[in-house]
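Quick note on our numbering: the sequence shown kicks off at 250 and runs consecutively.
Idealized CB from N, CA, C, for every residue including glycine.
What you are looking at is a predicted structure, and each value in this text was computed from that prediction instead of being measured.
These notes concern the structure reproduced below.
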Amino acid sequence: MSAQNPVTRGSSALLGLMWIALWGFSGFFLSYSTMVPISVERGLSPVAGGALLLVMMLSVIAVQPAAPALQRRLGPRRAIGGSLLLMAAGHGAAVLVPDPAVGLLVMGVAVGCGFGVLVVLATAAVPAVTSPERVGRALGRFGATTAAAAAAGAPLGLWLSAQVPPEAFRGFAAAAVLLALPAMRLIPSRSTVPETRPSALPTQGEDRASGSFWAALAPVLLPFLVSMCAYGLVIAFGPGGDTTHPALFIATMQASAVVSRWVAGALTDRGSPGTVYTVGIVMTVLGLVSVALVPPGWALAACLVLMGLGVGAVQSASLVLAFARAGSRGQASVGWNMTFDSGLGLAGLFGGLGFTFLGSGPTFAGVAGLLLAASLPLWLRRRRPVGAGAFRGAFSQNSWPTATE
Numbered sequence: 250m251s252a253q254n255p256v257t258r259g260s261s262a263l264l265g266l267m268w269i270a271l272w273g274f275s276g277f278f279l280s281y282s283t284m285v286p287i288s289v290e291r292g293l294s295p296v297a298g299g300a301l302l303l304v305m306m307l308s309v310i311a312v313q314p315a316a317p318a319l320q321r322r323l324g325p326r327r328a329i330g331g332s333l334l335l336m337a338a339g340h341g342a343a344v345l346v347p348d349p350a351v352g353l354l355v356m357g358v359a360v361g362c363g364f365g366v367l368v369v370l371a372t373a374a375v376p377a378v379t380s381p382e383r384v385g386r387a388l389g390r391f392g393a394t395t396a397a398a399a400a401a402g403a404p405l406g407l408w409l410s411a412q413v414p415p416e417a418f419r420g421f422a423a424a425a426v427l428l429a430l431p432a433m434r435l436i437p438s439r440s441t442v443p444e445t446r447p448s449a450l451p452t453q454g455e456d457r458a459s460g461s462f463w464a465a466l467a468p469v470l471l472p473f474l475v476s477m478c479a480y481g482l483v484i485a486f487g488p489g490g491d492t493t494h495p496a497l498f499i500a501t502m503q504a505s506a507v508v509s510r511w512v513a514g515a516l517t518d519r520g521s522p523g524t525v526y527t528v529g530i531v532m533t534v535l536g537l538v539s540v541a542l543v544p545p546g547w548a549l550a551a552c553l554v555l556m557g558l559g560v561g562a563v564q565s566a567s568l569v570l571a572f573a574r575a576g577s578r579g580q581a582s583v584g585w586n587m588t589f590d591s592g593l594g595l596a597g598l599f600g601g602l603g604f605t606f607l608g609s610g611p612t613f614a615g616v617a618g619l620l621l622a623a624s625l626p627l628w629l630r631r632r633r634p635v636g637a638g639a640f641r642g643a644f645s646q647n648s649w650p651t652a653t654e
């Protein structure tokens, strides 16, 4: 019986994390996808809307390094639960503050800070509740859940915000976040960290080849950063052109990303995450170039399917590589999530300036070229692929992550 309890607890905790991610991410992307359109509707310029989006993402990034310490002080359950409540409060603030710009700013900061804590702690917890040989698959499933939440939240936000009053839209977004709270009972109230065996740590010469955390992760995170910028461009500004229903095209990309994250996660357990990563980068570049050239219609939808498949593979493979290269789950989660959110933030800046002064086509094409350039360090410095065996070695002991990691 005692041998089965950890497995049962781990399975329940993973399901709880997936439920929390489903509603937490949905609530966030309801705000992310509508920040620019709602800003314009309330009399602000697209550049101002992009700046507000950037502020929201900077708020996400700013709190992420402190998230493990917050968990250490409060415990996983209170830290994650508090982040969800802060997100819900942010949606309420957008209604209560009369000035549109100030209201959107307050909402963006509150939702961003809550989301920043949520993504770090939830992502880092997945390997802790999963057996080492199935970590890639578990991360893929968790990632597919977050991608599904974005796939539902982003286009639904665009559609719903145009159909209902602002108060009803913010109430819906807050309710979506609060639906995550029942799963909090599946999350441990305290962190448990048994002694770490030396064999559970990555070797200094391989996983941290440059001798520093960020230098070891930089080749992995650079192309991921630009990929997330491209992903955010489509979500926040649409695929470009005179598209009648941009939400449908965004949903097409998001749905293909869900499938890709699930499949790519399983493939990283069986082969080389580096190969999966490269394939994802190439597909993303081809998708971006196609979106820049193809007019709205079925062909554009096909281009967004290709881009979504590429982005999903990039997300899963880069996360596996980050966990394998970093010295701890907590640091890997912080680094990966900061990069993810930095990319979404840069999308607000690049999109606001690029779509205003250059147009959608040159903006998408320019990001495609930037992605290729950002991938060169990864391809040039790869001395050997990081396979599933190396990844399992880095996580041969499961425990809930804490700030000391």
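Put residue i into one of helix, strand or coil per three-state DSSP.
i      : result
GLN412 : coil
PRO376 : helix
ASP518 : helix
ARG291 : coil
GLN453 : Confidence in GLN453 is poor, its pLDDT being 39 and thus under 50, which makes the residue's placement too unreliable to answer from.
LEU607 : coil
GLY339 : helix
ASP590 : helix
GLY546 : coil
GLY324 : coil
PRO488 : coil
ILE673 : Limits of the chain in this structure are 250 at one end and 654 at the other, which puts residue 673 out of reach.
LEU428 : coil
PRO286 : helix
PRO347 : coil
For residue i, count neighbouring C-beta atoms within 10 Å of its own C-beta (all shown protein chains included) and say buried if the count is 16 or more, exposed if not.
i      : result
PRO443 : At PRO443, the pLDDT of 37 sits below 50, so the modelled position is not reliable; the number obtained from the coordinates is stated separately. The residue is exposed, with fewer than 16 neighbouring Cβ atoms inside 10 Å.
ARG633 : For ARG633, the predicted model reports a pLDDT of 49, less than 50, meaning its position is unreliable; a value from the coordinates is still stated below. Burial call: exposed.
ALA396 : buried
SER332 : buried
THR452 : Annotation note: pLDDT 40 at THR452 (below 50); position unreliable, coordinate value reported separately. It counts as exposed.
TRP585 : buried
ARG446 : For ARG446, the predicted structure reports a pLDDT of 36, less than 50, and the residue's modelled location is therefore unreliable. The matter cannot be settled from this model.
PRO495 : buried
TRP669 : It is not possible to answer for residue 669, since the shown part of the chain is limited to 250 through 654.
GLN412 : exposed
ALA425 : buried
GLY603 : buried
ARG321 : buried
THR441 : Any reading at THR441 must be qualified, since the residue scores a pLDDT of 47, below 50, and its modelled position is unreliable; the value itself is stated next. Result: exposed.
TRP649 : For TRP649, the predicted model reports a pLDDT of 49, less than 50, meaning its position is unreliable and no value from the coordinates is stated.
GLY618 : exposed
LEU629 : exposed
Hey, would you say residue i sits closer than 8 angstroms to residue j, going by beta carbons?
i      : j      : result
PHE371 : LEU266 : Note on identity: in this sequence residue 371 is Ala, with Phe being the wrong assignment. Yes; because the gap between Cβ atoms is below 8 angstroms, this pair is in contact.
GLY365 : ILE436 : no
ARG291 : MET433 : no
GLY557 : SER509 : yes
LEU549 : PHE498 : yes
LEU388 : LEU568 : yes
GLY681 : MET336 : This structure gives no information on residue 681, because the portion of the chain shown stretches from 250 to 654.
VAL304 : CYS478 : no
VAL525 : ALA562 : yes
GLY601 : ALA300 : yes
ALA429 : ILE269 : yes
ARG383 : ASP518 : yes
SER410 : PRO286 : yes
GLY361 : MET306 : yes
ARG419 : GLY341 : yes
Between the options, which has its C-alpha nearest residue i's C-alpha?
i      : options                        : result
SER261 : VAL375, LEU555, ALA411         : VAL375
PRO611 : VAL378, MET532, ALA541         : ALA541
ALA359 : TYR281, PRO317, LEU405         : TYR281
ALA596 : LEU570, GLY559, ARG390, ALA485 : ALA485
LEU471 : GLY330, ARG519, ILE530, SER275 : ILE530
GLU416 : GLY352, LEU466, THR394         : GLY352
PRO295 : LEU598, ALA623, LEU279, VAL616 : LEU598
PHE589 : GLY392, ALA551, ALA318         : GLY392
PRO522 : LEU345, ALA622, LEU621, ARG574 : ARG574
Quick check on residue i - is its C-beta less than 8 angstroms from some C-beta in chain D?
i      : result
PRO404 : No chain D appears in the structure shown, which is made up of a single protein chain.
Would you please state the rounded distance, in angstroms, between the beta carbons of residue i and residue j? I believe it to be under 8 angstroms.
i      : j      : result
LEU627 : VAL368 : The pair is not a contact, with the Cβ atoms about 23 angstroms apart (cut-off 8 angstroms).
PHE606 : LEU537 : Not quite, the Cβ-Cβ distance comes to about 19 angstroms (not below 8 angstroms), so this is no contact.
MET532 : GLY559 : 3 angstroms
SER565 : GLY514 : 5 angstroms
ALA422 : LEU279 : 4 angstroms
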